[in-house]
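Numbering (the working numbering), first residue to last: 21 to 416. The beta carbon of each residue, even a glycine, is placed where N, CA and C say it ideally should be.
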Ligand code: ATP
Ligand code: MG
């Protein structure tokens with residue numbers, strides 16, 4: 021298969037925007053007699069004039085050959101999907117060998133380690149916009165599947181038959197929603213129809229991969245869009261019924277408000293919020309609502325013990341009803357963060373700033389979460405500053 025080739029004049033990728041370490045890896049592989057390209061999201065983002073999150077490399081070199089070229093800096097990882105990690109200080113570059121998956125097979129892919137050529141490697145990728153190769157030696161973009169035109173048209177389309185591609189790997193449906201949320205592209209009609217028809221297939225995927233995509237989206241700056249689309253296409257209902265209930269109920273505005281603040285933080289600052297804070301942003305508004313309902317029913321003020329109990333049973337309910345299991349550490353920190361909010365801002369009395377501060381980092385996370393709440397409710401700004409000052413005074 022011959023690719024369509026786009027020259028530097030046409031694609032206008034500025035090679036200075038490509039990570040120098042990624043270029044070094046590609047040149048070393050080429051010197052070793054292999055072909056190697058920049059692939060996937062990195063090329064897509066460069067063409068969209070966005071800063072790529074990572075630069076992935078694809079090569080004709082087999083994992084062992086990559087290891088031979090890069091020695092100690094190279095670690096071969098993965099069983100389901102074997103690839104090489106090449107370390108440059110704290111940065112890790114992923115190098116994968118061209119694969120020749122069977123794009124026509126409808127069975128679930130459990131392993132994908134069948135080596136192939138560049139044009140075969142493209143066919144096993146998910147969407148046309150993710151199937152472009154960039155060759156830094158000729159400074160050209162190689163397009164085997166019409167991804168370049170789709171990118172210009174702002175169109176999301178699977179490579180090959182969408183039904184087959186979603187059945188092979190249902191996580192691709194979540195990835196589709198992720199790209200739609202992030203870029204606001206249109207979805208090709210056949211691709212969208214197939215996703216609607218295949219949505220239940222998502223239950224066959226590996227829960228850990230789904231959870232990773234969800235957390236990545238909570239960190240992406242487009243999480244509010246993402247949750248709205250997950251709700252619209254019923255994935256929230258299938259995967260996280262508790263969140264579905266809240267995001268589709270009468271307090272959905274509050275739920276989205278939290279996500280918008282998280283998005284704002286991730287867009288404006290380079291920091292990534294801790295994953296327990298991200299989970300707390302989903303759980304805390306539900307807890308607040310449940311507390312209001314419960315105290316109205318009881319007509320009695322809630323005690324701190326009641327809150328601890330409610331938070332525990334809420335988190336247990338979310339864990340058991342969700343398709344994915346949340347790591348225990350994240351659950352326990354989220355619980356700490358949510359209950360501590362009722363010490364930082366007690367329901368019925370003033371906060372007692374003289375409270376001894378737990379020194380561990382969960383307290384810092386709780387304070388960070390209070391700051392996030394104060395971005396939603398400006399009345400909390402002062403109490404957040406008071407807590408921060410009290411803590412700093414004590415630390416001196
Ligand atoms: P991001 O910007 O979130 O990193 P990405 O497209 O780069 O998005 P990665 O998970 O880094 O996503 O994957 C790199 C590339 O590998 C993709 O662009 C795509 O070509 C291919 N890929 C990733 N996941 C799949 C999948 N489930 N099925 C087929 N190809 C995939
Ligand atoms: Mg990527």
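Which residues share a DSSP beta bridge with residue i?
i: residue 94; result: 106
i: residue 113; result: 106
i: residue 76; result: 59
i: residue 303; result: Answer is none; residue 303 lacks a bridge partner.
i: residue 24; result: 163
i: residue 206; result: 175
i: residue 119; result: 135
i: residue 155; result: 160
Please state whether DSSP places residue i in a helix, a strand or coil.
i: residue 164; result: coil
i: residue 326; result: helix
i: residue 141; result: helix
i: residue 360; result: helix
i: residue 176; result: strand
i: residue 38; result: coil
i: residue 129; result: coil
i: residue 260; result: coil
i: residue 147; result: strand
i: residue 234; result: helix
i: residue 320; result: coil
i: residue 337; result: helix
i: residue 170; result: helix
i: residue 368; result: coil
i: residue 254; result: coil
i: residue 99; result: coil
i: residue 81; result: coil
i: residue 397; result: coil
i: residue 287; result: helix
i: residue 43; result: helix
i: residue 190; result: coil
i: residue 70; result: coil
Going by the CB atoms, is the gap between residue j and residue i shorter than 8 Å?
i: residue 77; j: residue 38; result: no
i: residue 344; j: residue 230; result: yes
i: residue 289; j: residue 241; result: no
i: residue 47; j: residue 79; result: no
i: residue 334; j: residue 357; result: no
i: residue 168; j: residue 58; result: no
i: residue 297; j: residue 389; result: yes
i: residue 190; j: residue 225; result: yes
i: residue 222; j: residue 255; result: yes
i: residue 6; j: residue 66; result: No answer is possible for residue 6: it lies beyond the span of the chain, which begins at 21 and ends at 416.
i: residue 368; j: residue 321; result: yes
i: residue 152; j: residue 64; result: yes
i: residue 75; j: residue 104; result: no
i: residue 81; j: residue 62; result: no
How many whole angstroms separate the CB atoms of residue i and residue j, which I take to be in contact at a CB cut-off of 8 Å?
i: residue 129; j: residue 136; result: Actually they are not in contact, since the Cβ atoms of residue 129 and residue 136 sit about 14 Å apart, beyond 8 Å.
i: residue 198; j: residue 237; result: 6 Å
i: residue 362; j: residue 324; result: 6 Å
i: residue 220; j: residue 175; result: With 8 Å as the limit, residue 220 and residue 175 do not qualify as a contact, their Cβ atoms being about 26 Å apart.
i: residue 112; j: residue 90; result: No, residue 112 and residue 90 are not in contact; Cβ-Cβ is about 12 Å, not under 8 Å.
i: residue 260; j: residue 342; result: 5 Å
i: residue 179; j: residue 145; result: 6 Å
i: residue 264; j: residue 251; result: 7 Å
i: residue 360; j: residue 407; result: Contact flag wrong, Cβ pair sits at about 11 Å.
i: residue 192; j: residue 186; result: 6 Å
i: residue 300; j: residue 354; result: 5 Å
i: residue 159; j: residue 35; result: 6 Å
i: residue 170; j: residue 149; result: 5 Å
i: residue 165; j: residue 126; result: About 20 Å separates the two Cβ atoms, so there is no contact after all.
i: residue 302; j: residue 330; result: Contact doesn't hold; Cβ gap of about 16 Å is too wide.
i: residue 182; j: residue 211; result: 4 Å
Do you know how far the Cα of residue j is from the Cα of residue i?
i: residue 147; j: residue 285; result: 29 Å
i: residue 381; j: residue 291; result: 16 Å
i: residue 273; j: residue 23; result: 47 Å
i: residue 28; j: residue 208; result: 28 Å
i: residue 504; j: residue 271; result: A question about residue 504 goes unanswered here, because the residues of the chain that appear run from 21 up to 416.
i: residue 132; j: residue 269; result: 41 Å
i: residue 314; j: residue 114; result: 50 Å
i: residue 392; j: residue 282; result: 8 Å
i: residue 319; j: residue 69; result: 57 Å
i: residue 188; j: residue 385; result: 40 Å
i: residue 395; j: residue 326; result: 27 Å
i: residue 73; j: residue 233; result: 14 Å
i: residue 227; j: residue 410; result: 42 Å
i: residue 110; j: residue 138; result: 29 Å
i: residue 201; j: residue 247; result: 9 Å
i: residue 102; j: residue 350; result: 28 Å
i: residue 239; j: residue 295; result: 9 Å
i: residue 402; j: residue 336; result: 33 Å
i: residue 304; j: residue 235; result: 17 Å
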